[in-house]
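The next block holds one structure in the form of structure tokens; read it before the comments.
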Amino acid sequence: MKWDDRIGRRVKLHDLHILMTVAELGSMGKAAERLAVSQPSVSKSISDLEYVVGVRLLDRTSRGVETTAYGRALLRRGMGAFDELRQGIKDIESLNDPTVGEVRVGCPEAISAGLLSAVIDRFSRQHPRAIVSVTPADNMSLEFGQLRERRVDFLLGRIPKPFTDDDLEAEVLYQDRLFIVSGRNSRWARRRKFKLAELVDEPWVLTPSMHSTLLAEAFQASGLAIPRVSVRVYSTHQSINLIATDRFISALSGSVLRFGANRSPFKVLPIDFPIQPWLVGVVTLKNRMVSPVVQNFIGCVRDVARPLAKAR
């Protein structure tokens, strides 16, 4: 019997789903409980799979079960198979009505507060019945697993240089950078010119992100001490609200300044400082066909980001 025929006749999606559940929970008993089946039926499904592929997929230990190297290899491909089937169902739904479907995007909080909000606003007007799910992905390089595990359709954020992940594809949209800002009515907003050194001891509000690291590097490159941080916040929106009080100075990216909902309270301070720009773009999984509604959403991302690319 040919190998393709053997897979088609012997490998069952039901058994593969059970293997994925056992691997996730680390226990056949817990998998049986979640799937509402008996533990012997779970054990039989695993044994059937191991017989078909001819290798051991799980190691039984005193603490439960762990996947072997063979099991992990099958799971990686199995997740891809289930994802393709899921995408197939979405494609059928889109062919029946191309205005519906779900878009799952992962991005940093700063992108969500700026560019992505503008994209969702435009996209939702064009596709009012589509669903958009946003997942945190504050460090893009560490979040590529979300793509590989098919938990998101694409990532939107900073693209690392060099980009070395062969199974992923990166599309650069624009180049972003930091700007030092204050409230529009602060005493600093009335100044036409001043030096970076004058801001070292001012009250700063920053988020624990790459922005803080880049700002510190800029001060150090100018031979200055790292600025005193008065408030560390966990979200860009919280930082924006504090800047609007006219008491704090902060650093925001160009996309937040352009697309943020509260643009009017800001004053970009006229300071030249050695800040390194970074690339922002879309990262997708190679050879993965996404649904038409996701393709439309990525197209909307390109359209909204185009002015930033021209402003480069």
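Residues 1 to 312 (the numbering used here) are what the sequence shown spells out, left to right.
Ideal placement from N, C-alpha and C gives every residue a C-beta, glycine not left out.
Measuring CB to CB, does residue i end up less than 8 Å from residue j?
| i | j | result |
| --- | --- | --- |
| F248 | L257 | no |
| S45 | H14 | yes |
| G80 | L57 | no |
| V181 | S291 | no |
| P108 | D59 | no |
| S255 | I111 | yes |
| A118 | F259 | yes |
| L75 | L116 | no |
| E143 | K286 | no |
| P203 | S222 | no |
| R232 | D201 | no |
| G54 | S27 | no |
| I159 | M140 | yes |
| Q175 | L279 | yes |
On the DSSP bridge list, what partners appear for residue i?
| i | result |
| --- | --- |
| G64 | T61 |
| I249 | S182, W204 |
| P136 | C107 |
| Y174 | V280 |
| E169 | T284 |
| R158 | V280 |
| R34 | According to DSSP, which records beta bridges pairwise, R34 is partnered with nothing at all. |
Figure out for me which residue from the options has the closest Cα to the Cα of residue i.
| i | options | result |
| --- | --- | --- |
| A73 | Q126, D138, E149, M28 | E149 |
| T68 | V181, E50, S38 | E50 |
| M214 | V282, W188, S235, L252 | According to the sequence provided, residue 214 is Leu. The question's Met does not apply to it. Here the closest residue by C-alpha is L252. |
| V304 | M289, R288, G281 | G281 |
| V301 | G114, M20, I240, L168 | G114 |
| N185 | D246, R228, A216 | D246 |
| Q126 | L116, T99, F259, I92 | T99 |
| A216 | G64, I226, E66, G106 | I226 |
| G29 | Q39, S230, A23 | Q39 |
| V313 | S27, G106, V233 | For the chain, the structure presents residues 1 to 312; residue 313 sits outside this window and is missing. |
| L178 | I92, A244, Q276, D165 | Q276 |
| S209 | K310, G157, F123, R288 | G157 |
| P136 | L155, F163, S41, L173 | L155 |
For residue i, which three-state DSSP category applies?
| i | result |
| --- | --- |
| R104 | strand |
| Q276 | coil |
| T320 | Because the chain is modelled from 1 through 312, residue 320 falls outside the range shown and cannot be assessed. |
| K90 | helix |
| V52 | helix |
Leaving out five residues before and five after residue i in sequence, what residues of the same chain have Cβ atoms less than 7 Å from its Cβ?
| i | result |
| --- | --- |
| W3 | Low confidence applies here, because W3 scores a pLDDT of 48, under 50, leaving its location unreliable; read the following figure in that light. Counting only Cβ-Cβ distances below 7 Å, and skipping sequence neighbours, we find nothing. |
| S269 | Position check: residue 269 holds Leu in this sequence, whereas Ser was assumed. Contacts found: I180, V181, S182, W188. |
| S43 | M28 |
Using a Cβ-Cβ cutoff of less than 6 Å, which residues in the same chain neighbour residue i once the five nearest sequence positions on both sides are dropped?
| i | result |
| --- | --- |
| R104 | S133, V152, D153 |
| F363 | This structure does not reach residue 363, given that the chain is present from 1 up to 312, and the question cannot be answered. |
| L16 | G78 |
| R306 | none |
| L242 | V205, F248 |
| F318 | Not covered by the structure: residue 318. The range shown for the chain is 1 to 312. |
| E102 | I131 |
| K12 | none |
| L25 | A31 |
| E66 | D59 |
| M1 | In this predicted model, M1 has a pLDDT of only 46, less than 50, meaning its place in the structure is not dependable; the value taken from the coordinates is given anyway. If we look at M1 and ignore the five residues flanking it on each side, it has no Cβ neighbours. |
Taking 8 Å as the limit between beta carbons, can you name the residues of its chain near residue i, skipping five residues before and five after?
| i | result |
| --- | --- |
| P128 | T99 |
| S235 | E109, A113, T207 |
Could you tell me if the beta carbon of residue i falls within a distance shorter than 7 Å of some heavy atom in the ligand ZN?
| i | result |
| --- | --- |
| F273 | The model depicted lacks the ligand ZN and carries no ligand whatsoever. |
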